[in-house]
Structure formats: structure tokens, C-alpha cells
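Comments concern the structure below.
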Amino acid sequence: MELLKERILREASVINNDVLKLDALLNHQVDPQLTMAMGNEFARRYSEHSITKVITVESSGIPVGFTTALALGVPLLFARRKKTLIADPDALTERVPSFTKGIVTDIMVSRQFLTGSDTVLFIDDIIANGDAARGLIKIIERSGAKLAGLGIVVEKSFQAGARTIREQGIRVESLVQIASLEGGHIQFL
Ligand code: 5GP
1 MELLKERILR EASVINNDVL KLDALLNHQV DPQLTMAMGN EFARRYSEHS
51 ITKVITVESS GIPVGFTTAL ALGVPLLFAR RKKTLIADPD ALTERVPSFT
101 KGIVTDIMVS RQFLTGSDTV LFIDDIIANG DAARGLIKII ERSGAKLAGL
151 GIVVEKSFQA GARTIREQGI RVESLVQIAS LEGGHIQFL
């Protein structure tokens with residue numbers, strides 16, 4: 001998505017060889033028009049899949065998950081991050097390490113909102129090692145729902161997440177792919 005590449009070059013900053021700061025676009029401030037364009041693009045790429053629900057992880061996946069769901073005319077479901085694990089028989093829970101925070105969090109989806117009759121599109125902001133994505137994929141599998149694929153705004157292709165998920169046979173569509181952040185330069189694939 002050329003428009004997104006331009007915005008990243010203008011508004012993102014390279015923190016180190018592994019981390020890109022995207023607060024101006026994704027993780028702190030959001031541009032509604034740009035986020036609508038992202039949602040329309042994901043909806044277009046998955047238009048043939050009869051998606052019944054868009055799923056994401058709170059919090060940075062929610063704006064683009066919302067616009068994708070709006071474009072597809074289906075609900076948005078977001079996995080909640082729980083600080084404590086109180087046994088809830090109605091919840092599907094996975095523990096995932098956080099790439100940026102260096103902690104583990106538990107993500108939770110209520111069985112009430114994800115069932116075997118759903119076909120879901122999983123939208124997220126950034127993929128690095130893929131831990132967050134793998135956690136939510138496990139929850140989707142345990143729910144019995146069908147996973148149409150992933151829609152990722154920024155794929156850091158030099159980290160293993162997207163590649164290993166594709167190797168599992170799961171479709172991953174990324175709006176931009178970053179090959180390298182070495183030397184403070186953003187290199188697209
Ligand atoms: P993963 O689980 O794939 O290693 O990391 C995914 C999550 O970590 C993303 O949803 C995002 O919130 C955060 N993250 C990973 N890499 C970056 C990065 O380069 N910049 C920012 N701002 N967040 C990142």
C-alpha cells in the first residue's frame with residue numbers, strides 16, 4: 001500500500017535495528033481516513049471468504065480491526081488483555097509474551113462470541129516474532145472457528161513471525177513489509 005509507505009517514511013521513527021516507532025499512525029494517534037483505507041484494503045483482499053467476524057487484540061489492533069469490520073459489514077471482536085487470571089469457564093485464554101513490554105500477558109476471548117459457525121479474519125497492527133498472533137490463532141482453533149487468514153498493517157519481514165505463520169499454511173496479507181531497519185533506515189521489501 002503505497003500511501004502507507006509514504007506515511008511511514010514521513011512519520012515513523014527507527015528506535016533501533018528491531019523496533020519502529022509508529023505512534024503517529026498506529027500505536028498512539030490514528031488517522032481515521034488512513035485507517036479507513038487500510039480497512040477497505042483488507043476487506044477487498046478477503047472479499048471472497050464470507051467472513052462472519054473480524055478479530056484482533058486490544059489495544060492497537062482495534063482501530064484498523066474496526067474499519068475492516070465496517071467495510072465487511074460484520075462485528076469486530078477484540079481479545080482482551082487480562083492482568084490476572086480468574087478462572088472463567090466461558091473464556092478461551094492464552095499467555096503471550098509482549099515484544100515491546102518484555103512481560104507476559106494473558107489474552108482472553110469469551111466462547112460466547114466465537115463459535116464453530118464463525119469464519120474469522122484476524123487483523124493486527126504489527127507482526128514481529130509472531131507471539132501475539134500465535135496466541136490468538138490457538139484461541140481461534142480451540143473455539144472451532146475457521147480462520148480465513150491474517151491482515152497485518154506492518155510486517156517486519158526480517159523477524160520470523162509472518163514467515164513461520166505462512167509456513168503453517170495460514171494466509172498472511174500485509175499492507176507493508178519491512179526488510180530492514182539497519183542504520184536507522186526503513187527499507188521496504
Ligand atoms: P510479536 O508478538 O509479533 O513479536 O509482536 C507483536 C506486537 O508487539 C505488536 O502488536 C506490537 O504492538 C508490538 N510490536 C512489535 N514490534 C514492534 C515495533 O517495531 N514497533 C512497535 N511500535 N510495536 C511493535
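Residue numbers (UniProt numbering): 1 to 189. All C-beta atoms in this analysis are idealised placements derived from N, C-alpha and C, irrespective of residue type, glycine included. Small disclaimer: the values here were computed from a predicted structure and weren't measured.
Original post:
Hey, Ser157 and Leu114 are a contact pair by Cβ (cut 8 Å); roughly how many whole angstroms apart?
Top reply: Within the sequence shown, residue 157 is the residue found at index 157, counting from 1. Within the sequence shown, residue 114 is the residue found at index 114, counting from 1. Not a contact, Cβ separation roughly 29 Å.
Original post:
Are Met38 and Ala79 touching if we call contact CB-CB under 8 Å?
Top reply: Residue mapping note: residue 38 aligns to position 38 of the sequence shown, counting from 1. Residue mapping note: residue 79 aligns to position 79 of the sequence shown, counting from 1. No, the pair does not count as a contact, with Cβ atoms beyond the cut-off.
Subject >> 7 Å Cβ shell around Glu41 - same chain, five flanking residues per side excluded >> reply: Taking the sequence shown and counting its residues from 1, the one referred to as residue 41 is at position 41. If we look at Glu41 and ignore the five residues flanking it on each side, its Cβ neighbours are Met1, Leu175.
Subject >> Rounded straight-line distance, which links the Cα of Ile126 to that of Val153 >> reply: For the purposes of this step, residue 153 is identified with residue 153 of the sequence shown, where counting begins at 1. For the purposes of this step, residue 126 is identified with residue 126 of the sequence shown, where counting begins at 1. Distance between the alpha carbons of Val153 and Ile126 is about 6 Å.
Original post:
Does at least one heavy atom of the ligand 5GP sit under 7 Å from the Cβ of Val14?
Top reply: Along the sequence shown, one-based indexing puts residue 14 at 14. No - the ligand 5GP has no heavy atom lying nearer than 7 Å to the Cβ of Val14.
**OP:** Assign Thr67 to one of three DSSP states: helix, strand, or coil.
**Re:** Start at 1 with the first residue of the sequence shown, and residue 67 comes out as number 67. Correct three-state label for Thr67: helix.
Original post:
Going by the C-beta, is Gly130 closer than 7 Å to any heavy atom of the ligand 5GP?
Top reply: Counted from its first residue, the sequence shown places residue 130 at position 130. Within the cutoff, so yes.
Original post:
Is Glu94 buried or exposed, if buried means 16 or more other CB atoms sit within 10 Å of its CB?
Top reply: Position 94 of the sequence shown holds residue 94. Counting the other Cβ atoms within 10 Å of the Cβ of Glu94 gives 16 or more, which makes it buried.
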